[in-house]
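Structure record follows, encoded as structure tokens.
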Amino acid sequence: MPTLSLCMIVKNEEANIERCLTSVKPFADELIVVDTGSTDRTIELCQAAGAQVYTFEWNNNFADARNYSLDQATGDWILWMDADEVLDGSAAADWKEQLAAETDSVLNVHLINYIGEETNPNETFHIAHTRLFRNRIGLRFLYHIHETLNVEEVFINDHALSRIKLHDGLTIHHYGYLQEYTTAKKKNERNLVMLLHELTVENNNPWTEYHLASEYYRLGKFEQAYEFVNLSIARFLKNDKLPPSLLYKLKYSCLISVGSVEGIPSAIDKAIKLYPDYVDLYFFKGVALYISKLYTLALDVFEQCLLMGEDNINHLTLRGSGSFHAWYYKGGCLEKLGKTELAINAYKEALSLYPNYTHAQEALDSLTMPLKQLEKKG
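Residue 158 in UniProt numbering sits at position 158 of the sequence shown; the count goes up by one each step and never skips.
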């Protein structure tokens, strides 16, 4: 059977590392942890969990540290993770048999990113992320921050590259975008400094501009985010490459966040032509139409979202864009169009999928409370 090496880099992760390593131990044959300067109990906890711990002098380059972890791995396959993540393999009882029969060398894993103030499965983004690959095939990490595997470089002539398949059964839960993590580690500020430096080093890399846009977006600086995501899109096009779908998602999310929705429906249609299976783009189109008070048109779009669903994680997908959020906005459209009973049913559908959905509950109450009062008077 093939062997698996977990490869990680850590620094001051005593609050998370035990949970992470415990989740991976049933699957990994070796745990490789590279410490970049911890001053807490991280190293002690890693060793107690059975990990091989190596030290790496921090040089402000995440890729270098990750590549050092790859150099230590002896397994046939490598799984890379962060300390603020947890591996869920409850549906992967025969995963080693799957790896043994695998003909591809690079695989995606279902990654769930939690956002907001607390861990809530309905406040998440989902995507298929490249985390699992064969050892010793030349894959290395690139870039100082938001490091990425050089998959395109290694498989330059492989036309199947854009269709990296998902490894069924393994899911990674990532908690690092929760407010408690970003605030405690001052991640946004650190990332901005490193990305602005990266921009001077890798000034032809559209991903640097995208990640800058993402950081500004998380800080609520939507105008700066919009500027950088447009620069990223333009650079992809200049390099004769199709801009990835998540760039368009971020672009229109920025515009909606500042209430600048004029022209979005027609503009986003161009992105939808590029990615007709991306439900989030339809959802943003519907929201823009709703804000523009074009309720009949918006209703049609939200119904399309519900037909599409949100199971396609080849794109960065917001939980609810093809389910409870779409039902909520459908209810809003119906309410505005004077179809009260249908609106009530739509809000109930949203709540059946997300019982603690505050906006849907408030909207439902605003319609049903007057009806209940009339019934009492009657």
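Built from N, CA and C at the ideal position, the CB exists for glycine as well.
All figures in this text were calculated on a predicted structure; none of them were measured in a lab.
Check your understanding: In the structure shown, what three-state DSSP assignment does residue 8 receive?
Key -> When DSSP states are grouped into helix, strand and coil, residue 8 belongs to the strand group.
**Study point:** Nearest-angstrom Cα separation, counted from residue 55 out to residue 326
**Key:** Each residue's alpha carbon lies about 48 Å from the other.
Point to revise | Proximity below 8 Å, CB of residue 154 to CB of residue 131 | key: A distance of 8 Å or more separates the beta carbons of residue 154 and residue 131.
Check your understanding: Hey, residue 52 and residue 30 are a contact pair by Cβ (cut 8 Å); roughly how many whole angstroms apart?
Key -> Residue 52 to residue 30, Cβ: 6 Å. Contact.
Practice item. Below 8 Å on the Cβ atoms is my guess for residue 343 versus residue 334; work out the distance and round it to an integer in Å. Key: With a Cβ gap of about 4 Å, residue 343 and residue 334 count as contacting.
Check your understanding: Which first and last residues belong to the alpha helix (DSSP H) in which residue 341 is found?
Key -> Run containing residue 341: 340-353, per the alpha helix (DSSP H) assignment.
Check your understanding: Do the CB positions of residue 380 and residue 106 come within less than 8 Å of each other?
Key -> The first residue shown for the chain is 1 and the last is 378, placing residue 380 beyond what the model contains.
Exercise for review: Taking only runs that begin and end inside the stretch 118-156, name each unbroken beta strand (DSSP E) of 3 or more residues, in chain order.
Suggested key: Counting only runs of 3+ residues, the beta strand (DSSP E) found wholly inside the stretch 118-156 occupies 124-134, in chain order.
Practice item. Step through the CB atoms of chain B and report whether any lies within less than 8 Å of the CB of residue 318. Key: In the structure shown, chain B does not exist; there is a single protein chain.
Check your understanding: Considering only residues of the same chain and omitting the five flanking positions on each side of residue 289, which have a CB-CB separation below 7 Å?
Key -> So the qualifying residues of the chain are 265, 297, 298, 301.
**Study point:** Which listed residue (28, 148, 269) has its alpha carbon closest to that of residue 208
**Key:** When only C-alpha atoms are compared, the closest one is 148.
Practice item. Verify whether the separation of the beta carbon atoms of residue 212 and residue 228 is less than 8 Å. Key: Their beta carbons are under 8 Å apart, which means residue 212 touches residue 228 by this criterion.
Exercise for review: Using the Cα positions of residue 303 and residue 360, report the straight-line distance between them to the nearest angstrom.
Suggested key: Separation of residue 303 and residue 360 (C-alpha to C-alpha, rounded to the nearest whole angstrom) is 17 Å.
Point to revise | Reduced DSSP category for residue 114 - H, G, I as helix; E, B as strand; rest coil | key: Strand at residue 114.
Review point. Excluding sequence positions up to five away, which residues of its chain have a Cβ less than 7 Å from the Cβ of residue 346?
Key: Excluding its 5 nearest sequence neighbours in each direction, residue 346 has C-beta neighbours in its own chain below 7 Å: 327, 330, 331, 334, listed in chain order.
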